[in-house]
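Here is the structure we will look at.
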Amino acid sequence: MTTFLPGLALGAAAFAAASTCAVAHAVLERSEAPESSFYRAVIQITHGCDGSPTTSVTVTVPEGAIGARPLVKPGWNVAIKRGAYARTYPFVHGSIAEGVKEITWAGSSVPADQFDEFVFSVRMSDAFRPGDTVRFPVIQTCEAGQYRWVEIPAAGQDAHALARPAPAVRIVAAPSTGPEISVLKVGSLAIEQPWMRAVPAGARVAGGYLRITNGGSEPDRLVGASIPQAGRGEVHEMSTEGGIMRMREVEGGIEIRPGRTIELKPGGFHLMFMDVTSGPKEGEAVRGTLTFEKAGRVDVTFRVSGLGAQGPAAEHQH
Ligand SMILES: [Cu+2]
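208 is the number that the numbering used here gives to position 99 of the sequence shown; each next residue is one higher, with no gaps.
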């Protein structure tokens with residue numbers, strides 16, 4: 110029996126080695142990125158291809174990772190492929206609909222026994238939520254041979270089970286350093302900081318708030334809004350009549366005159382979502398649509414804050 114043990118132990122060790130991806134040699138230096146933030150992607154190439162020096166590295170930038178820009182890398186040529194995104198994303202001081210889809214570094218060489226880093230900056234858009242994994246497939250080409258680090262695990266499959274996993278980064282909740290200021294520009298309208306309050310279980314209505322500035326020369330009107338979690342959305346106004354807070358739908362929507370800023374906030378103008386099926390919870394991001402008379406439909410993301418003390422729950426009891 111004892112003579113059998115060494116072989117068994119060796120077998121177990123070999124199995125353990127094969128079942129981890131410690132052998133992966135195209136990895137991202139940082140495995141986490143805060144949501145809706147810039148990420149400095151550092152692809153580390155830690156080995157050549159079975160002893161052959163690495164001569165080029167190509168990374169695919171996935172949908173939702175926007176505004177990618179490679180860092181200058183002395184001695185290497187950078188080739189960039191651009192293309193249209195699947196949708197328009199809010200980006201810095203406006204929006205972005207196309208950008209870098211693929212980056213290739215070539216023209217130099219990494220000896221097989223050395224390692225090197227290939228760096229680019231990218232913004233993780235609101236397409237990604239905390240808990241999501243974003244994968245950047247990498248093709249490593251060597252003087253002899255090629256490794257394609259492009260495998261993506263199937264649902265429920267462990268990436269470690271893959272022979273050539275695509276380098277991955279996990280999206281984590283942004284550190285809470287106060288509300289994030291985000292401005293979405295659509296034509297001459299600037300839409301700032303759409304937010305909602307968390308809706309208690311069982312509640313059927315939810316309020317939505319934001320600020321809209323018209324930088325153009327023509328008036329526009331906010332006439333409607335929708336979120337997938339609600340049956341319908343209306344534009345409302347709160348007012349005090351005889352000491353009683355009332356609200357009503359704003360006929361024809363809210364006019365935003367040129368040069369003016371309209372603020373939708375608790376106690377004033379607000380969006381009202383009715384027939385809510387599943388209440389937005391604190392910390393979530395709710396994707397919705399605003400409808401303007403002229404600017405048309407605009408996709409926005411409402412950040413969901415906690416059940417506030419200002420009483421929007423009372424405000425929304427019809
Ligand atoms: Cu209302």
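Here a beta-carbon is modelled for each residue, glycine too, at the ideal position from N, C-alpha and C.
Quiz item: Who sits around ligand 1, taking every residue whose Cβ is closer than 5 Å to one of its heavy atoms?
Solution: Qualifying residues come out as His345, Met356, Met381.
Quiz prompt | Of the listed residues Phe200, Thr155, Val187, nearest to Phe147 (C-alpha basis) | solution = Nearest to Phe147 by C-alpha distance, out of Phe200, Thr155, Val187, is Phe200.
Practice problem: Determine the direct distance from the alpha carbon of Thr250 to that of Ser234, and round the result to whole angstroms. | Solution: Whole-angstrom Cα-Cα distance: 30 Å.
Quiz item: Can you tell me where the beta strand (DSSP E) with Ala150 in it begins and where it stops?
Solution: Per DSSP, Ala150 belongs to the beta strand (DSSP E) from 147-154.
Quiz item: Across which residues does DSSP place Ser161 in a beta bridge pair?
Solution: Ser161 has Cys158 as its beta-bridge partners, per DSSP.
Exercise. Whole angstroms is fine: what's the gap from Pro183's alpha carbon to Tyr318's?
Key: Rounded to whole angstroms, Pro183 and Tyr318 show a C-alpha spacing of 48 Å.
Quiz item: Among Thr386, Ile205, Ile212, Thr322, which one has its Cα closest to the Cα of Pro337?
Solution: It is Thr386.
Quiz item: For the segment 230-245 against the segment 309-325, are there 3 or more C-beta pairs whose distance is under 8 Å?
Solution: Using a C-beta cut-off of 8 Å, the segment 230-245 makes no contact with the segment 309-325, since fewer than three inter-stretch Cβ pairs fall below that distance.
Quiz item: In terms of alpha-carbon separation, which member of Gly173, Phe382, Gly203, Ile154 lies closest to Ala312?
Solution: It is Phe382.
Self-check item: Backbone CA spacing between His156 and Gly176 [nearest angstrom]
Solution: Going by the C-alpha atoms only, they are around 29 Å apart.
Quiz item: Using 8 Å as the Cβ pair cut-off and three pairs as the minimum, do the segment 331-348 and the segment 395-406 touch?
Solution: Yes: at least three Cβ pairs fall under 8 Å.
Quiz item: Secondary structure at Ala299, three-state DSSP: helix, strand or coil?
Solution: Ala299: strand per DSSP, three-state reduction.
Practice problem: For the segment 210-222 and the segment 136-147, state whether three or more C-beta atom pairs, one from each stretch, are separated by less than 8 Å. | Solution: Too few Cβ pairs lie closer than 8 Å, so no.
Quiz item: Taking one C-beta from the segment 403-410 and one from the segment 291-304 each time, how about it: are there three or more such pairs within less than 8 Å?
Solution: In this structure the segment 403-410 lies against the segment 291-304, because at least three pairs of beta carbons, one per stretch, are closer than 8 Å.
Practice problem: Under 6 Å Cβ to Cβ from Glu172, same chain only, skipping five residues before and after it: list those, please. | Solution: Result list for Glu172: Ala195, in chain order.
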